[in-house]
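Peer 1: One structure coming up, written as structure tokens, with questions to follow.
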Amino acid sequence: MRDHITLQVARYLPEKQSEPTFDEYEVPCPKDWVVLDGLNYIKDRIDGTLSYRWSCRMGICGSCGMTVNGEPKLTCATFLADYAPGPLRVEPLRNFPVIRDLIVDIGDFMRKLVAVKPFIVRRYEKPVSDGEYLQTPEELDEYKQFSMCINCMLCYAACPIYGLDPKFIGPAAIALAQRYNLDNRDEGAAQRMDVLSEHAGVWGCTFVGECTRVCPKHVDPAGAIQRYKLTAAIDAMKTFFMPRGA
Amino acid sequence: MPDIPAYTDYHPRWLRRRVSTYWWLGNWSYFMFVMREASCLFVAWFVVYLLALIRAVLQGEAAYERFLALSARPWMLALNLVSFLFMMFHAVTFFDAAPRALVVHVGKTRVPGSLVGAGHYAAWLVVSAFLFWLLRGT
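Sequences listed follow chains B and S, in order. The numbers in the numbering used here rise by one with no breaks, and the one at position 73 of the first sequence is 73. For any residue, its number in the numbering used here is found by taking its place in the second sequence, counting from 1, and adding 1000.
Structure below.
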């Protein structure tokens, strides 16, 4: 195996250029180096002007999502050796505005995330002295898969619907809404339905399924969306046939 | 949600790429998705074909014979063969997707998605067997 690999890194400097270009860098390629290690090597040793976002290096923070050879990937979990002999193309996440080099604006996602109230909503909080809200393992299993989301936004980058219609609330926000809807301690499902059941909510999804395929945490956002479509449809039928409530 | 993301007016130098009209040609998964969506056209065609058959039957023997002659033409056979293949593709992708949307519980136990999918295929088999039995008797 070669001990070096070429990274073709997208560069975009908004004060100097209107279109992105690619710069090539030779970086070491030991078997335990990930793409993020290669970028850090460039930043530290070759070109300190390269800009990208990263933090934990261990697949938890969700900061280092980029497009690697056309696929949305967490660069801290994507090994350089898997792409040997290269070259390897690193670009910013698709479907988001690029601020600089490999950094995208995540403001749209953050606003959508807040809109679905990704936290436990209670009508009445019981006093602390009454103890915890207990939950059985079966009740935990109902939502645990969706709680694994790390907000890395790879699903948005893989979703052609979000690319075509930025109003679509998107896979991760809906999966996180379901994480709380399916939590038996939560009472906010009706509030989330106002956002989720509108056209830009679950009905925007045409079930391409790429969000689930690229998810590094196996959250299955596509499954969450389809499940919620069923919930929203049943709710609409109930409202139609039983307008005064069951 | 606001119609236009709030950042648009304030950061004109950010790079925004338009999605190509041919976005679905560069990725196998996207292509299969578009084929699955396109299969709806063939489902619609079979509905039209069935309605035309019923209309011919109602109009009498001569109309029915004309319908049979039309159906036996090579281009019609080719169209129906392609439609049948797309219908199969449509059904398989639909049944594969069903367990993702349908979470079934028996008591407190969640039924595995594979069993929900198998249930769909079993129902398909039963209906197909019934239709085969029905048509064999004619």
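Positions of the beta carbon are idealized from the N, C-alpha and C atoms, including for glycine.
List the whole-angstrom C-beta distance separating residue 39 of chain B from residue 68 of chain B, where the pair is believed to meet the contact cut-off of C-beta under 8 Å.
Peer 2: Incorrect: roughly 11 Å between the Cβ atoms, too far for contact.
Peer 1: Would you verify that the beta carbon of residue 146 of chain B is, or is not, closer than 8 Å to some beta carbon of chain S?
Peer 2: no
Peer 1: Whole angstroms is fine: what's the gap from residue 1090 of chain S's alpha carbon to residue 209 of chain B's?
Peer 2: 15 Å
Peer 1: Could you give the residue range of the alpha helix (DSSP H) that holds residue 146 of chain B?
Peer 2: 137-147
Peer 1: Would you list, in sequence order, the uninterrupted alpha helix (DSSP H) runs of no fewer than 4 residues that lie entirely inside the segment 16-72 of chain B?
Peer 2: Positions of the alpha helix (DSSP H) runs, each at least 4 residues long and wholly inside the segment 16-72 of chain B, are given as 35-41 in order along the chain.
Peer 1: Do you know how far the Cα of residue 184 of chain B is from the Cα of residue 72 of chain B?
Peer 2: C-alpha separation (whole angstroms): 33 Å.
Peer 1: Terminal residues of the continuous alpha helix (DSSP H) containing residue 239 of chain B?
Peer 2: 221-241
Peer 1: Determine the direct distance from the alpha carbon of residue 186 of chain B to that of residue 135 of chain B, and round the result to whole angstroms.
Peer 2: When only Cα atoms are considered, residue 135 of chain B and residue 186 of chain B end up about 12 Å apart.
Peer 1: Give the straight-line distance between the Cα atoms of residue 1131 of chain S and residue 1101 of chain S, rounded to the nearest whole angstrom.
Peer 2: Each residue's alpha carbon lies about 28 Å from the other.
Peer 1: Is DSSP giving residue 1077 of chain S helix, strand or coil here?
Peer 2: Helix, per DSSP.
Peer 1: Within the same chain, show all residues whose beta-carbon is closer than 7 Å to that of residue 108 of chain B, passing over the 5 residues directly before and after it, in chain order.
Peer 2: For residue 108 of chain B, where only same-chain residues beyond five positions count, the Cβ hits under 7 Å are 166.
Peer 1: Cβ of residue 1029 of chain S less than 8 Å from any chain B Cβ?
Peer 2: Residue 1029 of chain S counts as touching chain B.
Peer 1: Does the distance from the C-beta atom of residue 1014 of chain S to that of residue 105 of chain B stay below 8 Å?
Peer 2: yes
Peer 1: Terminal residues of the continuous beta strand (DSSP E) containing residue 77 of chain B?
Peer 2: It is not in any beta strand (DSSP E) - residue 77 of chain B carries neither H nor E in the DSSP assignment.
Peer 1: How big is the Cα-Cα spacing for residue 1059 of chain S and residue 1127 of chain S?
Peer 2: Those two C-alpha atoms are separated by around 29 Å.
Peer 1: Distance, Cα to Cα, residue 1111 of chain S vs residue 1095 of chain S?
Peer 2: 16 Å
Peer 1: Rounded to a whole number of angstroms, what is the C-alpha to C-alpha distance between residue 155 of chain B and residue 1036 of chain S?
Peer 2: 20 Å
Peer 1: Alpha carbons only, please: which of B/75, B/112, B/9 and B/21 is nearest the one belonging to residue 56 of chain B?
Peer 2: B/75
Peer 1: Please work out which residues of its chain come closer than 6 Å, Cβ to Cβ, to residue 25 of chain B, disregarding the five sequence neighbours upstream and downstream, and give them in chain order.
Peer 2: 7, 42 and 46
Peer 1: Is the Cβ-Cβ distance between residue 1031 of chain S and residue 1023 of chain S less than 8 Å?
Peer 2: no
Peer 1: Go ahead and label residue 50 of chain B buried or exposed: buried means 16 or more other beta carbons lie within 10 angstroms of its beta carbon, across all protein chains shown.
Peer 2: So residue 50 of chain B ends up on the buried side.
Peer 1: Is the separation between the beta-carbon of residue 1067 of chain S and that of residue 1053 of chain S shorter than 8 Å?
Peer 2: yes
Peer 1: Report buried or exposed for residue 1108 of chain S, applying the criterion of at least 16 other Cβ atoms within 10 angstroms of its Cβ.
Peer 2: exposed
Peer 1: Comparing alpha-carbon positions, which option in B/201, B/97 and B/193 lies nearest residue 172 of chain B?
Peer 2: B/201
Peer 1: Give the DSSP-derived three-state secondary structure of residue 99 of chain B in the structure shown.
Peer 2: strand
Peer 1: Per DSSP, which one or two residues make a beta bridge with residue 9 of chain B?
Peer 2: B/23 and B/90
Peer 1: Hey, quick one: how far does the alpha helix (DSSP H) through residue 1124 of chain S stretch, first residue to last?
Peer 2: 1113-1136
Peer 1: Quick one: does residue 49 of chain B have its CB under 8 Å from some CB of chain S?
Peer 2: no
Peer 1: Please check if any C-beta of chain S sits within less than 8 Å of the C-beta of residue 3 of chain B.
Peer 2: no
Peer 1: Taking beta-carbon pairs under 8 Å, can you tell me which members of the segment 1090-1108 of chain S lie near chain B?
Peer 2: 1097, 1100, 1101, 1102, 1103 and 1108
Peer 1: What residues from chain B crowd round residue 945 of chain S, counting only those whose CB sits closer than 9 Å?
Peer 2: What is shown of chain S runs 1001 to 1138, which leaves residue 945 of chain S out entirely.
Peer 1: Given this structure, state the Cα-to-Cα distance separating residue 1002 of chain S from residue 204 of chain B, to the nearest angstrom.
Peer 2: With a pLDDT of 45 at residue 1002 of chain S, under the threshold of 50, the predicted position of this residue should be treated as unreliable, and no value is reported.
Peer 1: So residue 126 of chain B contacts chain S; which residues on that side make the cut at Cβ distance below 8 Å?
Peer 2: Ordered by position in chain S, no residue passes the 8 Å Cβ test against residue 126 of chain B, which lies about 24 Å from the chain.
Peer 1: Taking the CB atoms as reference points, tell me whether residue 145 of chain B and residue 1097 of chain S lie closer together than 8 Å.
Peer 2: no
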